[in-house]
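Peer 1:
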Amino acid sequence: MPLLPYRSLFDMDRFFDADFPSLSDYAPLRPSMDIYEKGPNVIAEMNVPGIDADKIEISIKDGILHIAGTSEQKEKEQEKGYWRKEIRRGSFERLIRLPVPVNEKKIKASCENGILVITIPKDTAKIGKKVAVKVTKATPKKISKRA
Numbered sequence: 001m002p003l004l005p006y007r008s009l010f011d012m013d014r015f016f017d018a019d020f021p022s023l024s025d026y027a028p029l030r031p032s033m034d035i036y037e038k039g040p041n042v043i044a045e046m047n048v049p050g051i052d053a054d055k056i057e058i059s060i061k062d063g064i065l066h067i068a069g070t071s072e073q074k075e076k077e078q079e080k081g082y083w084r085k086e087i088r089r090g091s092f093e094r095l096i097r098l099p100v101p102v103n104e105k106k107i108k109a110s111c112e113n114g115i116l117v118i119t120i121p122k123d124t125a126k127i128g129k130k131v132a133v134k135v136t137k138a139t140p141k142k143i144s145k146r147a
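This is the structure we're talking about:
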């Protein structure tokens, strides 16, 4: 009995991977990200492995965070004899509407170990204040019948 009884399935999988690339290979880059509130700030974290910090552009306008960047190829793809190619290169762009008003002039960003961290202070002057509203029980009205 072979050591790997399902080896032929592995071989078949490798065959189809090599000859029929996935449609996702042709989709644009879309780095994953998290956005959350932490104290007086909105924090956006994005996975950007292999992308130089100087190749990333960040801006905010009208409450929309715009992040764009490029992961460049180091050498021509045809010069390598790939057995498997899963690392995607190219440019990306993300537009995200922020959940609260922010101070667009005080945005800060850092990139370490392939994680881009964007810190955006909330604009407390524009955030609505919580107002308590007392709810009273409505009294039913009598409807008179018309003749």
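With UniProt numbering, the residue at position 43 of the sequence shown is 43, and numbering never jumps. Each residue gets a CB set at the ideal place from its N, CA and C atoms; glycine is no exception.
#1: Taking E45 as the reference, which of D52, A53 and Y36 has the closest Cα?
#2: Rounded to whole angstroms, what's the CA-CA distance from I60 to L95? Just pull it up for me.
#3: Whose C-alpha, out of V102, I43, E72 and K105, is nearest the C-alpha of residue 148?
#4: Can you give me the C-alpha to C-alpha distance between K142 and T136, rounded to a whole angstrom?
#5: DSSP state of D54, grouped into three classes?
#6: Within the chosen definition, does the region 81 to 89 reach the region 104 to 124 through at least 3 CB pairs nearer than 8 Å?
#7: For a minimum of 4 consecutive residues, which ranges assigned as the alpha helix (DSSP H) are wholly contained in the region 75 to 113?
Peer 2: On the basis of the data shown:
#1: In the sequence shown, counting from the first residue as 1, residue 45 sits at position 45. Among D52, A53 and Y36, the Cα nearest to that of E45 is on Y36.
#2: Along the sequence shown, one-based indexing puts residue 60 at 60. Along the sequence shown, one-based indexing puts residue 95 at 95. I60 and L95: Cα-Cα distance of roughly 9 Å.
#3: Only positions 1 to 147 of the chain appear in the structure, and residue 148 is not among them; the question remains open.
#4: The residue labelled residue 142 in the question sits at position 142 within the sequence shown. The residue labelled residue 136 in the question sits at position 136 within the sequence shown. Cα to Cα, the separation comes out at about 19 Å.
#5: In the sequence shown, the residue the question calls residue 54 occupies position 54. Here D54 sits in helix by DSSP.
#6: The way I'd put it, the region 81 to 89 doesn't touch the region 104 to 124; fewer than three beta-carbon pairs between them come closer than 8 Å.
#7: none
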